[in-house]
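Here the structure comes first, spelled out in structure tokens, and everything after it is commentary.
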Amino acid sequence: MIDFGYGLTPSATLKIENVQNPRFEALHELEPDVVKCIACGSCTASCSAGCFTEMSLRRVILSLQRGREKETLPMLRHCMLCGKCQLVCPRGINTRHLILSIGKVYGLNEEDGR
Amino acid sequence: MNQNVVVIGGGPAGIEASRKLRDLGYTPILIESQPALGGKLTRWDRLFPDGVEARAILDPMLQDLDGIKYFTDTEVLSINRLKDTWVVKLSNGLSAQVRAILLTTGFDLFKAEKKEEYGYGIYERVITNADLEDWYKSGAPLQFDNVHTIGFVHCVGSRDEKAGNRQCSKVCCVTAVKQACEFKEKYPDATVYCFYMDLRMFGRKFEDLYLKAQKDYGIRFVRGRVSEVSEDIDGHLFVKAEDTLFGKPLKIKMDLLVLMAGMAPAASSASLARMAGITTGEDGFLVPRSIVGDACRASREGIFLAGAVTGPKTLPETLGEAASAALAIDQFLKTPVKQ
Chain A
1 MIDFGYGLTP SATLKIENVQ NPRFEALHEL EPDVVKCIAC GSCTASCSAG
51 CFTEMSLRRV ILSLQRGREK ETLPMLRHCM LCGKCQLVCP RGINTRHLIL
101 SIGKVYGLNE EDGR
Chain B
1 MNQNVVVIGG GPAGIEASRK LRDLGYTPIL IESQPALGGK LTRWDRLFPD
51 GVEARAILDP MLQDLDGIKY FTDTEVLSIN RLKDTWVVKL SNGLSAQVRA
101 ILLTTGFDLF KAEKKEEYGY GIYERVITNA DLEDWYKSGA PLQFDNVHTI
151 GFVHCVGSRD EKAGNRQCSK VCCVTAVKQA CEFKEKYPDA TVYCFYMDLR
201 MFGRKFEDLY LKAQKDYGIR FVRGRVSEVS EDIDGHLFVK AEDTLFGKPL
251 KIKMDLLVLM AGMAPAASSA SLARMAGITT GEDGFLVPRS IVGDACRASR
301 EGIFLAGAVT GPKTLPETLG EAASAALAID QFLKTPVKQ
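So the protein sequences, as listed, match chains A and B.
Heads up, the first sequence is in the working numbering, so the first residue is 1 and it goes up one at a time.
Heads up, the second sequence is in the working numbering, so the first residue is 1 and it goes up one at a time.
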């Protein structure tokens, strides 16, 4: 094949209007507080696992909302359920319970998470 | 006593200050360039944060004008210093000689068409906060069909040095959230987005409204300033922004886009400031002696300021400042003229 010096790359643009997000709806039903997140980052900053891994609860919540869970769900594998994020969340989200509910709704198992 | 005071600008600040001056025993002469009193408040349907009807605030004010001489459709032609007084000439042929003038000329709504990339005045389905409020107030059915997805663009002509408005307009964040919730009340099935840089929910109950918007109304907040808007053959809009929390560009099809046009300095304030020889700030708003401690007195004796003429303000702040300007004028007029 002739090398023209460029290639096709898939678009990195988020397309959110066509996102059918039944699993997020199910999560929302179970954890109404998930939409209260203001993305302050307190959870990520206080995360015991976050110092050593890419774990960020803020990013997980956002990617679930955007229907891009594949990118961030594996992060949850690093969560030790210590609950420090719950102590610092200014919106009072029960983050520990939320993480467990995410596991339940998104069917995380031993391979891809907790 | 029955001393005249000229109040220029018949919006909430001018009306409230005139009422207070009248209650203190003066005869205010209130001058309004538009055909009716009430200023921009006349265009509001419901007010943040509680959804009180604007007319519930404005109507009692308009019914309480006894003892106030007011002129609508009237411009100020000149303001001149004559010894210890100011001579104000009006377009209706009258003139007044007073010791104190209060400027309450408010603000101009930022012209959203200046942000050409958003397509206001080009694309039919791009409207402004004022247009949406007009529609809410009219109670008419929406002029567009199939409105499923709607977006609010915060900071249009605010925090925008290139557009000539560096300041935060202060009220648009909470107005957008208010209008978004109201839209959801009318169209529960619609998906409503707010594109913001920061959410400045500074006032009492504003943060509560934000929480309600998230929890009860399901408004979706995207942190990122809209960069451009384009239109497809059916008149639907494509909106581009960066989801800065996600760190990826985002493109979304919208059926209606509302631009939150901010507060720009009123053009009339600048010309009045020139006539009276008082200081205009670099941002175009008039400058009080001290923003913190002396917010109602302008740089020259006998000229007073209240409301958004000195920068973006909420309605309660404006009304409070109007009352304090009336007291400052009272104090000034009780002080004998220095010989």
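Ideal placement from N, C-alpha and C gives every residue a C-beta, glycine not left out.
Are there 16 or more other CB atoms within 10 angstroms of the CB of residue i, so buried, or fewer, so exposed?
i: M80(A); result: exposed
i: Y196(B); result: buried
i: F4(A); result: exposed
i: M1(B); result: Unreliable positioning characterises M1(B) in this predicted model, as indicated by a pLDDT of 49, which lies under 50. The coordinate reading is nonetheless provided below. Its Cβ having fewer than 16 others within 10 Å, M1(B) is exposed.
i: D216(B); result: exposed
i: D50(B); result: exposed
i: D372(B); result: Summary: the structure shown does not reach residue 372(B), with chain B confined to residues 1 through 339, and so no result is reported for it.
i: K162(B); result: exposed
i: I219(B); result: buried
i: V337(B); result: exposed
i: S95(B); result: exposed
i: N342(B); result: Given that chain B is displayed from residue 1 to residue 339, the structure contains no residue 342(B) and the question cannot be resolved.
i: V222(B); result: buried
i: K115(B); result: buried
i: V76(B); result: buried
i: Y6(A); result: exposed
i: D112(A); result: Note that D112(A) scores 49 on pLDDT, short of 50, meaning its location in the model is unreliable; the coordinates nonetheless yield the value given after this. Exposed.
i: Q331(B); result: exposed
i: F202(B); result: exposed
i: I2(A); result: exposed
i: Q214(B); result: buried
Which residues in chain A sit within 7 Å of residue i, going by Cβ to Cβ distance?
i: K212(B); result: By Cβ distance, chain A contributes nothing, its closest Cβ being about 10 Å from K212(B), past 7 Å.
i: R19(B); result: Going along chain A, no residue has its Cβ under 7 Å from R19(B), so there is no contact; the nearest lies around 41 Å.
Taking just the CA atoms, how far does residue j sit from residue i?
i: G38(B); j: G14(B); result: 9 Å
i: P74(A); j: Q65(A); result: 16 Å
i: G11(B); j: G106(B); result: 8 Å
i: C82(A); j: F110(B); result: 50 Å
i: V87(B); j: K69(B); result: 17 Å
i: V6(B); j: R289(B); result: 20 Å
i: R96(A); j: E317(B); result: 42 Å
i: Q167(B); j: R159(B); result: 5 Å
i: G164(B); j: G107(A); result: 52 Å
i: G313(B); j: Q179(B); result: One detail in the question is off: residue 313(B) reads as Lys in this sequence, not Gly. Those two C-alpha atoms are separated by around 18 Å.
i: K240(B); j: A12(A); result: 13 Å
i: V52(B); j: L65(B); result: 22 Å
i: R55(B); j: Q63(B); result: 11 Å
i: A266(B); j: G9(B); result: 11 Å
i: V147(B); j: A190(B); result: 7 Å
i: V192(B); j: C181(B); result: 9 Å
i: E321(B); j: S18(B); result: 12 Å
i: T149(B); j: K84(A); result: 37 Å
i: S269(B); j: T310(B); result: 10 Å
i: E54(A); j: E29(A); result: 27 Å
i: F304(B); j: P188(B); result: 47 Å
i: M61(B); j: I16(A); result: 47 Å
i: G307(B); j: A273(B); result: 15 Å
i: E16(B); j: L142(B); result: 35 Å
i: T74(B); j: E231(B); result: 42 Å
i: L8(A); j: I252(B); result: 22 Å
i: L100(A); j: I233(B); result: 46 Å
i: M275(B); j: R81(B); result: 10 Å
i: F24(A); j: G67(A); result: 8 Å
i: R114(A); j: R77(A); result: In this prediction, R114(A) scores a pLDDT of 42, lower than 50, which makes its location untrustworthy; the coordinate-derived value is nonetheless stated afterwards. So the alpha carbons of these two residues sit roughly 5 Å apart.
i: R204(B); j: V174(B); result: 11 Å
For a contact meaning CB atoms closer than 8 Å, what does residue i contact in chain A?
i: G218(B); result: V35
Which whole-angstrom value is the C-beta distance of residue i and residue j, which I expect to be below 8 Å?
i: D45(B); j: K137(B); result: 4 Å
i: L103(B); j: L256(B); result: The Cβ separation is near 37 Å, so there is no contact.
i: R300(B); j: I278(B); result: 5 Å
i: A26(A); j: L62(A); result: About 18 Å; that fails the 8 Å criterion.
i: I101(B); j: I122(B); result: The Cβ separation is near 42 Å, so there is no contact.
i: L90(B); j: F71(B); result: 7 Å
i: A326(B); j: L41(B); result: Wrong, their Cβ atoms sit about 18 Å apart, outside the cutoff.
i: C172(B); j: N129(B); result: 7 Å
i: R125(B); j: F152(B); result: Not confirmed; about 13 Å, so no contact.
i: C155(B); j: M263(B); result: Not quite, the Cβ-Cβ distance comes to about 12 Å (not below 8 Å), so this is no contact.
i: I209(B); j: V177(B); result: With the sequence shown as reference, residue 209(B) is identified as Leu, and Ile is not the correct amino acid for it. Contact flag correct, Cβ pair sits at about 6 Å.
Strictly below 9 Å CB to CB, what residues from chain A border residue i?
i: R223(B); result: A39
Identify the contact partners of residue i in chain B, using a Cβ-Cβ distance below 9 Å as the criterion.
i: I16(A); result: Y193, R220, V222, D243, L250, K251 and I252
i: A12(A); result: K248 and P249
Name the chain E residues whose beta carbon is nearer than 8 Å to that of residue i?
i: P32(A); result: Structure shown: chain E not included; protein chains present are A and B.
Residues of the stretch 46 to 71 of chain A with Cβ closer than 9 Å to any Cβ of chain B, in chain order: R58, R59, L62, S63, Q65, R66 and R68
Residues of the stretch 229 to 261 of chain B with Cβ closer than 7 Å to any Cβ of chain A, in chain order: D243, L245, F246, K248, P249, L250, K251, I252 and K253
Proximal residues, the stretch 16 to 45 of chain B versus chain A, C-beta separation under 9 Å: none
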